[in-house]
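To start, the structure itself, in structure tokens.
If you want it as structure tokens, here you go:
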């Protein structure tokens, strides 16, 4: 696991470390952003591509302890937008990231049509009844992350995951237990 740090063009806004999330509760008492080395390397590649276009990235979530997934499911058992803990998730394996596009010069989030954790059809990748700038920004984000090796989730424009080719297991380690 690699701890992600803010660098030129990469910001952290770990929403589950605050009450500013769909549960309205702090789910990470000591938030941090970790990814498996493979996913962290892919994220660096995507960021390099985006920097050339004047864009950066803001991470809302990455590795998520399994018990947090269970807590989310207990609070909101919606199989369309919340991972059922039965099989764990790619967040629990350190392979998934929830992310948005930013303006590299200002650090401000770009218009993506909806905010993070929007549980409506307007958050779906196939939803196109958005301002043209939002459609364009979603495409820029998706193209860069897919080219770097991530796969998008169709119901959430912000969610991307690397393939689990190495067979990574679900982890239930708090952030302070990670190397």
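Residue numbers (the numbering used here): 116 to 294.
Even for Gly, the Cβ is constructed at its ideal location relative to N, Cα and C.
- The criterion of a C-beta distance shorter than 7 Å is not satisfied by residue 290 and residue 182.
- Look at the stretch 151-220 and you find these whole runs of beta strand (DSSP E), each 3 residues long or longer: 170-176 and 211-218.
- Shown here, residue 126 sits in a strand according to DSSP, grouped into three states.
- Cβ contact annotation for residue 261 (same chain, cutoff 7 Å, sequence separation greater than five): 267, in chain order.
- In this structure residue 252 is buried. Its beta-carbon is surrounded by 16 or more other beta-carbon atoms within 10 angstroms.
- Check the Cα spacing between residue 175 and each of 125, 151 and 194: the tightest is with 125.
- As the crow flies, the alpha-carbon of residue 271 is around 10 Å from that of residue 195.
- The Cβ atoms of residue 165 and residue 148 lie no closer than 7 Å to each other.
- Under the three-state reduction of DSSP, residue 247 is assigned to helix.
- Around the C-beta of residue 220, fewer than 16 other C-beta atoms lie within 10 Å, and the residue is accordingly described as exposed.
- In the three-state reduction of the DSSP assignment, residue 238 falls in the helix class, which pools H, G and I.
- Around the beta carbon of residue 184, a 10 Å sphere encloses 16 or more other beta carbons of the protein chains shown; the residue is thus reported as buried.
- Cβ contact annotation for residue 232 (same chain, cutoff 7 Å, sequence separation greater than five): 136 and 137, in chain order.
- Here DSSP, grouped into helix, strand and coil, assigns residue 134 to coil.
- As computed with DSSP, residue 253 is found in no beta bridge at all.
- Our two residues, residue 234 and residue 273, have alpha carbons roughly 12 Å apart in a direct line.
- Minimum Cα-Cα distance from residue 264 among the listed residues 256, 255, 254 and 278 corresponds to 278.
- Assigned with DSSP and collapsed to three states, residue 260 falls in helix.
- Exposure of residue 189 is indicated by the presence of fewer than 16 other C-beta atoms within 10 angstroms of its C-beta.
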